[in-house]
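Going by numbering that gives the first Met the number 0, the residue at position 71 of the sequence shown is 70; the numbering climbs one at a time, nothing skipped.
Virtual Cβ for every residue (Gly too), placed ideally from N, Cα, C.
Reading through the structure tokens given below for one structure.
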Amino acid sequence: MGAGVATKIASVARVVDGDTVRLVVGGREESARVIGINTPETVDPRRDVQCYGREATRHAQHLLPQGTTVQVAADPTQDTRDRFGRLLLHVWLADGRSFAETMIREGYGHEYTYQSPYRGQDAHRAAQREAEAARRGLWAPDACSAAAPPTPPPPKPDPAQIVAPTPTPILRPEVVFISVVGASPGGRASAEIRTTPSGSCTIRYTTPAGTVSSAQGLTPKSANAVGIVSWSWVIGSNTRAGFGTVVVTCAGQSATARITVG
Numbered sequence: 000m001g002a003g004v005a006t007k008i009a010s011v012a013r014v015v016d017g018d019t020v021r022l023v024v025g026g027r028e029e030s031a032r033v034i035g036i037n038t039p040e041t042v043d044p045r046r047d048v049q050c051y052g053r054e055a056t057r058h059a060q061h062l063l064p065q066g067t068t069v070q071v072a073a074d075p076t077q078d079t080r081d082r083f084g085r086l087l088l089h090v091w092l093a094d095g096r097s098f099a100e101t102m103i104r105e106g107y108g109h110e111y112t113y114q115s116p117y118r119g120q121d122a123h124r125a126a127q128r129e130a131e132a133a134r135r136g137l138w139a140p141d142a143c144s145a146a147a148p149p150t151p152p153p154p155k156p157d158p159a160q161i162v163a164p165t166p167t168p169i170l171r172p173e174v175v176f177i178s179v180v181g182a183s184p185g186g187r188a189s190a191e192i193r194t195t196p197s198g199s200c201t202i203r204y205t206t207p208a209g210t211v212s213s214a215q216g217l218t219p220k221s222a223n224a225v226g227i228v229s230w231s232w233v234i235g236s237n238t239r240a241g242f243g244t245v246v247v248t249c250a251g252q253s254a255t256a257r258i259t260v261g
């Protein structure tokens with residue numbers, strides 16, 4: 000943990016998923032969202048269980064067994080709570096390692112920046128680069144394509160029972176933001192997403208004034224072998240402060256994120 004960081008002692012009540020944990024802090028049980036990491040969803044009622052979500056949850060449970068004592072700290076660069084009311088905290092394991100950095104390095108999550116850089120961001124990004132290079136966990140080429148056991152051939156149907164086959168639905172790729180980093184006018188902003196490997200994607204950045212930017216760097220790109228695409232561009236020097244939007248579209252599917260200018 001960094002020098003000068005004011006930490007508190009907490010006890011693990013239970014792991015919710017790879018980036019959310021129930022903690023007892025100061026005698027009160029709270030739901031905490033760990034800063035700087037995003038793992039595949041397993042409990043969001045709006046989404047199906049995502050690839051490698053269960054593995055991430057199991058590894059978080061391994062690192063944070065029920066009753067374990069950990070150290071936690073808020074981050075002055077971030078809000079106290081997220082929009083769901085969860086505390087936003089850094090979490091350190093009993094041996095002093097950052098929980099988020101360890102999960103990312105071992106391939107169970109992405110580095111995640113929400114609006115503004117946080118303490119430890121560089122270490123988290125380095126951990127992700129290491130995991131990607133080593134193809135650990137969710138970065139492994141076969142992480143989301145485990146072979147199913149062979150299915151025995153079906154019996155031949157009676158001719159009277161033959162019906163037209165049901166069309167197979169076309170599955171569109173998901174577009175998930177990994178990070179969106181804003182900047183002051185004249186500074187460099189960035190965005191990173193994950194989608195289908197080798198998929199073609201476009202990006203549209205709209206300024207706080209509602210103008211669609213044509214800044215250099217906002218060009219169509221293709222995802223790499225593990226589905227990552229990133230862009231960076233310079234915020235115009237005359238751009239007013241406020242909140243803009245970033246929209247990324249891949250194969251007809253879009254995702255939108257807010258970006259802070261100023």
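*CA-CA distance, V174 and L137?*
16 Å
*Taking DSSP as the reference, what is the three-state secondary structure of R21?*
strand
*asked:* Below 7 Å, is the gap between the Cβ of A188 and the nearest heavy atom of the ligand FAD?
replied: Annotation note on the ligand FAD: not contained in the displayed structure, which lists no ligands.
*Buried versus exposed, by CB contacts within 10 Å (16 or more), R109*: Reading the sequence as shown, one finds His at residue 109 and not Arg. Label assigned to H109: buried.
*With distances taken from CA atoms, which of S10, L217 and T259 is nearest V90?*
S10
*asked:* So, under 8 Å CB-CB, G35 and Y111 are touching, yes? Tell me the CB distance rounded to an integer number of Å.
replied: 6 Å
*Evaluate A145 with the Cβ neighbour count: other Cβ atoms within 10 Å of its Cβ, from every protein chain shown; 16 or more gives buried, anything less gives exposed.*
Because the pLDDT of A145 is 46, which lies under 50, any placement of that residue in the model is unreliable, and the number read from its coordinates should be weighed accordingly. With fewer than 16 other Cβ atoms within 10 Å, it is exposed.
*Q252 (DSSP reduced to helix, strand or coil)*: strand
*At which residues does the beta strand (DSSP E) containing I177 begin and terminate?*
V175 to V180
_Please classify R32 as buried or exposed, where buried requires at least 16 neighbouring CB atoms within 10 angstroms._
buried
_Quick check: what's the CA-CA separation for T238 versus K220?_
25 Å
*For A142 and C249, believed in contact at Cβ under 8 Å, the rounded distance*: With a Cβ gap of about 19 Å, C249 and A142 do not count as contacting.
*How about W230 and I258: do their beta carbons lie closer than 8 Å?*
no
*Cβ shell of A222 (< 7 Å), same chain only, five flanking positions each side left out*: T194, T195, P196, S197, G198, C200 and V228
*With a CB to CB cut of under 8 Å and the five nearest residues on each side skipped, what residues in its chain are close to R187?*
S231, W232, V233 and I234
*Near V71, what residues of its chain come up, given a Cβ to Cβ distance below 6 Å and the 5 sequence neighbours on each side ignored?*
K7, A9, L88 and V90
*Among A256, F98, D74 and R27, which one has its Cα closest to the Cα of A5?*
D74
*Closest to A93 by CA distance: which of S115, V211, H61 and S189 is it?*
H61
*Let me know if S178 comes out buried or exposed under the rule of 16 or more other beta-carbons within 10 Å of its beta-carbon.*
buried
*State buried or exposed for P64, treating a residue as buried only when at least 16 other CB atoms are found within 10 Å of its CB.*
exposed
*Using alpha carbons as the reference points, say which of E191, R96, A132 and E54 lies closest to Q114.*
E191
*Does the beta carbon of V179 come closer than 8 Å to any beta carbon on chain C?*
No chain C appears in this structure, which consists of one protein chain only.
*Where does Q215 fall in DSSP's three states?*
coil
*asked:* Given this structure, state the Cα-to-Cα distance separating Q215 from G52, to the nearest angstrom.
replied: 36 Å
*Distance, Cα to Cα, A133 vs V180?*
26 Å
*What residues match up with F242 in a beta bridge as DSSP calls it?*
T259
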